[in-house]
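K.L.:
For the sequence shown, counting from 1, position 667 maps to 701 in this note's numbering; every step adds exactly one. Beta carbons are placed, not taken as given, at the ideal position from N, Cα and C, and that holds for glycine. Okay, here's the structure, questions in a sec.
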Amino acid sequence: MTPPSTTSVPAAPAATIPEASPGEVIAQPDEFAAPEPALKDAAASGARSVATGGDGPRRVGGRSELARAFDPVRRAWRVLTSMRTALILLFLLALAAIPGSYFPQRDIDPIKVQNYYLEHPTWAPILNKLSGFDVFAAPWFAAVYLLLFISLIGCLWSRVLWHAKALVGRPPSAPARPGRLAGGSSWASTLPPDEAVAAAARVLRGRRFRVAAARPGATRPDGAPDHSAAAEKGYLRETGNLVFHLALVAVLLGVGLGAWNGYEGKVMVTEGDGYTNTLISYDQFSPGQLVDTSELRPYSIKLDDFEASYLENGQAREFAAHVSYEEDLDGPTKQAEIRVNHPLEIGGDKVYLLSYGYAPHFVLRDKDGKVIWEAYSQCERRDNNLTSDCVVKIPDTGLPATGPLRTPQQLGFIAIFAPTAVVDPTGGPISIFPKAIAPGVFITSFVGNLHLDEGKPQNVFKLDMKDLKQVTTNGPSGDGMIRQKLDVADPKNRTMTGLPGGLSLEVDEVREYAVFQTKSDPYKGLVLWAAVALIIGLVTSLRVRRRRVWVRARPAAAGSTVEIGGLSRSDAEGFAAELAALTGRVRAATEQAAVEQAAVEKSKIEKPGPEKSTPSQRATPGEGAAGPAEPPSGSAESAAGSGPAGPATGAASGPEPAVASPAAAPADTVTPPDTVTPPAADSGGPATADEPEDPNPSSARREP
């Protein structure tokens, strides 16, 4: 598509313009490619290919060597901002994101990265050098992302400029024979060509078309007068298309800026416990590249209570966390409720409730019953009935180190927690309902080195079994058993003994915990509004149809011949029906205008001219409003009044005949020859002696 014309086409010599054959449609030239002055300048610059002398820069073909030196840069910019390059970069970006979803990423799960090193000692260092574990922060990924961003902006910029010019420009001029286009038609009209085009333009404007009629005095390339109108509708389609792409750029910009300036952290909080918005408080933290972790907003949140309700089949109906929080170090304490899809907003951060589970309370005592260690251990849920896996790590047990390397003796436990515990013969310990009705803990004990002091991150839900030894214990399930079942609700059956050094372990309480996600995205508003604009632009570009309609009138013997035609970029069937309806409206408008014009001309012909009164008919100074004064004696009026009545006058009733003035006489009254007033010009009255009678009185009138 080319830009619309903004000027009428000037007359050209007839010898240089080929005439149209009867079956040929010649479109009028417009200013799509370049303005006429630019074409002249280009022709002039092409004609001269000389170098300027003097001290100025050498010019070849009208361009300086400095300008030619930047040609590679211009060509590179055109290639970068082309739609093909944008599509290629978009494909490369999707291709570059595949390693980020296949290999573990450091900012998401550093433990998996460490395990990958252990499992693939050869490939892991190579991937690390290629940023395989930090794909989305890699320089090559950022390069593709930025090139795509620049390409989209450059591609859209030229389209926006062209669209802005097209909105204020004129639609393309009408072709020579618009009626020969698909769905076009023509008819004869008694209107002159300019009035027929004006009537058609009014109809098109009424249908919300953008109309540009040929200027008065404009001519076609063959020198004939140009009576045409060009109408265009559906520019909103291109506007919606541009809005869609601009909104897409805004979404990419918002996502990129949010990833660089935002952060995300997850933490599991047991009832009665809390956390602060600091790096050390989170179980998992992913900051952006431009985030300073020492400048985080200093708020704190405490989980006061957690409530969950369930259906009879065990499905969660709803769950909510009741929290108290402080927005600043010295700020007042406030209460709030956090539910799913109803986060707590503190400043620009939002705190979401993601999940929940159970945290049994483990207590380790020595042989004298003194508490050595105690803690709530969150368990990882396994199913919807909250059968959960628990791992307990106790590094400081008070047991002496053993072996020549003085290996510490630490305790580790693997447990299965079931809120409503039963033992399935085939599946083992399970829970039949998520609510803690009969909580039970099935626990296995290990002793040895947990490797907690080596500075390597560990998964809290996994136990490093490399240097651990399984031990048997005594408890409710019997003596010397590998696994014990502890009944949390029964004080007599919730303690396990027989651990090394006479230690014992008790599970005396169960609380619920909640998983919170703290998310900071300072550009989420930009992404939201850009997404809304993206949807609006997409719907608009899909629903609106682009179409053009042309009307041309040519002089004819009885008035003019009117032609109408149009084109549509899409929905040809729908446009055919619209064009047919427009043709009917335009034709009816021209016919109505012809009828109105004929009526106006007829009224001008039939309207009588002003009467010319003789001196005898002029009113005397004494004539009042009631009628003319009585004529003096001896005048023609007196003679007429005293003589017999004319043949068309008739006698007046009464003993004396009334004397009537000439102005009040009936139209068919015959007046004396010396008082007859000649009829006005073009009045249509009878001819006088000085004016011969027209044998065809109606010849001066134009009938519709």
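Can you name the start and end residues of the alpha helix (DSSP H) that residue 192 belongs to?
P.N.:
In the sequence shown, the residue the question calls residue 192 occupies position 158. It spans 173-202 - the alpha helix (DSSP H) in which residue 192 sits, taken as one unbroken run.
K.L.:
Quick one: what's got a C-beta closer than 7 Å to residue 69's C-beta in the same chain, skipping five residues either side?
P.N.:
Mapped onto the sequence shown, residue 69 falls at position 35. Reliability of the predicted coordinates at residue 69 is poor, the pLDDT of 43 falling under 50, and the value obtained from them is presented with this limitation in mind. No residues qualify anywhere along the chain.
K.L.:
For the ligand PLP, I want to know if residue 116 counts as a neighbour, meaning its beta carbon is within less than 8 Å of at least one of the ligand's heavy atoms.
P.N.:
What this structure holds is no ligand at all, so the ligand PLP is not there to describe.
K.L.:
What are the start and end residues of the alpha helix (DSSP H) that includes residue 236?
P.N.:
In the sequence shown, counting from the first residue as 1, residue 236 sits at position 202. First-last of the alpha helix (DSSP H) with residue 236: 227-240.
K.L.:
Can you find the residues in the same chain that come closer than 6 Å, C-beta to C-beta, to residue 612, ignoring five residues on each side of it along the sequence?
P.N.:
As a first step, residue 612 must be located in the sequence shown, where it is residue number 578. Correct list: empty, nothing qualifies.
K.L.:
Go ahead and pull the three-state DSSP assignment for residue 49.
P.N.:
As a working note, residue 49 is residue 15 in the sequence shown. Low confidence applies here, because residue 49 scores a pLDDT of 40, under 50, leaving its location unreliable and the question unanswered by this model.
K.L.:
Alpha carbon to alpha carbon, how far is residue 603 from residue 382? Give it in angstroms, no decimals.
P.N.:
As a first step, residue 382 is located in the sequence shown; it is residue number 348 there, counting from the start. As a first step, residue 603 is located in the sequence shown; it is residue number 569 there, counting from the start. When rounded, the distance between both Cα atoms is 47 Å.
K.L.:
Go ahead and pull the three-state DSSP assignment for residue 419.
P.N.:
Position 385 of the sequence shown, counted from the start, is the residue given in the question as residue 419. Three-state result, residue 419: coil.
K.L.:
Can you tell which of 332, 354, 347 has its C-alpha closest to the C-alpha of residue 338?
P.N.:
The residue you call residue 338 lines up with position 304 of the sequence shown. The candidate whose alpha carbon is nearest that of residue 338 is 354.
K.L.:
At which residues does the beta strand (DSSP E) containing residue 350 begin and terminate?
P.N.:
Taking the first residue of the sequence shown as 1, we reach residue 350 at position 316. Start and end: 350-360.
K.L.:
In this structure, how does DSSP classify residue 600 when only helix, strand and coil are distinguished?
P.N.:
The residue labelled residue 600 in the question sits at position 566 within the sequence shown. It is a strand residue.
K.L.:
Who does residue 394 pair with in a DSSP beta bridge?
P.N.:
Stepping through the sequence shown from its first residue, residue 394 is reached at position 360. Note: residue 394 sits in a beta bridge opposite 544.
K.L.:
Compare the Cα-Cα distances from residue 374 to each of 399, 342, 405, 393 and report the closest residue.
P.N.:
As a first step, residue 374 is located in the sequence shown; it is residue number 340 there, counting from the start. The candidate whose alpha carbon is nearest that of residue 374 is 342.
K.L.:
Would you decide whether residue 111 is buried or exposed? Buried here means 16 or more other CB atoms lie within 10 Å of its CB.
P.N.:
The residue labelled residue 111 in the question sits at position 77 within the sequence shown. By the neighbour-count rule (16 or more Cβ atoms within 10 Å), residue 111 is not buried but exposed.
K.L.:
Pull up the distance between the alpha-carbon of residue 290 and that of residue 326, whole angstroms please.
P.N.:
Looking up residue 290 in the sequence shown gives position 256. Looking up residue 326 in the sequence shown gives position 292. Using only the alpha carbons, I get a separation of about 17 Å.
K.L.:
Is the distance from the Cβ of residue 386 to the Cβ of residue 553 below 9 Å?
P.N.:
Counted from its first residue, the sequence shown places residue 386 at position 352. Counted from its first residue, the sequence shown places residue 553 at position 519. In contact: residue 386 and residue 553 (Cβ atoms closer than 9 Å).
K.L.:
Please report how far the alpha carbon of residue 367 lies from the alpha carbon of residue 361, in whole angstroms.
P.N.:
As a position in the sequence shown, residue 367 is number 333, starting the count at 1. As a position in the sequence shown, residue 361 is number 327, starting the count at 1. Between residue 367 and residue 361, the C-alpha separation is close to 8 Å.
K.L.:
Using C-beta distances below 6 Å, list every residue in its chain close to residue 170, excluding the 5 sequence neighbours before and after it, in chain order.
P.N.:
The count along the sequence shown starts at 1 and reaches residue 170 at position 136. Excluding residues within five positions, the ones whose Cβ falls inside 6 Å are 134.
K.L.:
Just the C-alpha distance for residue 638 and residue 591, rounded to the nearest angstrom, thanks.
P.N.:
Looking up residue 638 in the sequence shown gives position 604. Looking up residue 591 in the sequence shown gives position 557. Whole-angstrom Cα-Cα distance: 23 Å.
K.L.:
Report the residue from 629, 630, 634, 620 whose alpha carbon sits nearest the alpha carbon of residue 236.
P.N.:
Position 202 of the sequence shown, counted from the start, is the residue given in the question as residue 236. It is 620.
K.L.:
Can you tell me the Cα-Cα spacing of residue 178 and residue 293, whole angstroms?
P.N.:
Here the question's residue 178 lines up with position 144 in the sequence shown. Here the question's residue 293 lines up with position 259 in the sequence shown. Cα-Cα distance, rounded: 16 Å.
K.L.:
By the DSSP assignment, the alpha helix (DSSP H) with residue 575 in it spans what residues?
P.N.:
Stepping through the sequence shown from its first residue, residue 575 is reached at position 541. Per DSSP, residue 575 belongs to the alpha helix (DSSP H) from 558-577.
K.L.:
Just verifying my parser: in three-state terms, what is the DSSP assignment at residue 694?
P.N.:
As a working mapping, residue 694 is identified with position 660 in the sequence shown. Legend: pLDDT at residue 694 = 38, less than 50; position of this residue unreliable, no value from coordinates given.
K.L.:
Closest by CA to residue 29, which one among 340, 230, 505?
P.N.:
The structure shown does not extend to residue 29, since the chain is modelled only from 35 to 738, so the question has no answer here.
K.L.:
For residue 213, which three-state DSSP category applies?
P.N.:
Reading the sequence shown from its first residue, position 179 is the one you call residue 213. Reduced to three states, the DSSP call for residue 213 is helix.
K.L.:
On a Cα-Cα basis, can you pick out the residue from 249, 121, 252 that is closest to residue 181?
P.N.:
The count along the sequence shown starts at 1 and reaches residue 181 at position 147. Of the candidates 249, 121, 252, the one whose C-alpha sits nearest the C-alpha of residue 181 is 121.
K.L.:
Using the Cα positions of residue 84 and residue 245, report the straight-line distance between them to the nearest angstrom.
P.N.:
Walking along the sequence shown from the start, residue 84 turns up at place 50. Walking along the sequence shown from the start, residue 245 turns up at place 211. Any reading at residue 84 must be qualified, since the residue scores a pLDDT of 42, below 50, and its modelled position is unreliable; no value is offered.
K.L.:
For residue 441, count the other beta carbons within 10 Å of its own beta carbon; 16 or more makes it buried, fewer makes it exposed. Which is it?
P.N.:
The residue you call residue 441 lines up with position 407 of the sequence shown. Exposed, because fewer than 16 other Cβ atoms sit within 10 Å of the Cβ of residue 441.
K.L.:
In the DSSP assignment, what are the bridge partners of residue 337?
P.N.:
Residue 337 sits at position 303 when you count from the first residue of the sequence shown. DSSP lists 357 as partners of residue 337.
K.L.:
Report buried or exposed for residue 369, applying the criterion of at least 16 other Cβ atoms within 10 angstroms of its Cβ.
P.N.:
Translated into positions along the sequence shown, residue 369 becomes position 335. By the neighbour-count rule (16 or more Cβ atoms within 10 Å), residue 369 is not buried but exposed.
K.L.:
Starting from residue 298 and walking both ways along the beta strand (DSSP E), at which residues does that stretch end?
P.N.:
Here residue 298 refers to the residue found at position 264 of the sequence shown. Unbroken beta strand (DSSP E) run through residue 298: 297-304.
K.L.:
Can you tell me whether residue 207 is buried or exposed, with buried defined as 16 or more other CB within 10 angstroms of its CB?
P.N.:
Here the question's residue 207 lines up with position 173 in the sequence shown. Counting Cβ neighbours within 10 Å, residue 207 comes out buried, since at least 16 surround it.
K.L.:
Between the alpha carbons of residue 427 and residue 333, how many angstroms are there, rounded?
P.N.:
By one-based count along the sequence shown, residue 427 stands at place 393. By one-based count along the sequence shown, residue 333 stands at place 299. Those two C-alpha atoms are separated by around 30 Å.
K.L.:
Does DSSP put residue 637 in a helix, in a strand, or in coil?
P.N.:
For the purposes of this step, residue 637 is taken as residue 603 along the sequence shown, with counting starting at 1. Correct three-state label for residue 637: helix.
K.L.:
Pull up the distance between the alpha-carbon of residue 238 and that of residue 265, whole angstroms please.
P.N.:
Here residue 238 refers to the residue found at position 204 when the sequence shown is read from its first residue. Here residue 265 refers to the residue found at position 231 when the sequence shown is read from its first residue. Approximately 7 Å, taken between the alpha carbons.
K.L.:
Taking C-alpha atoms, which residue in 624, 474, 504 lies nearest to residue 481?
P.N.:
Position 447 of the sequence shown holds residue 481. When only C-alpha atoms are compared, the closest one is 504.
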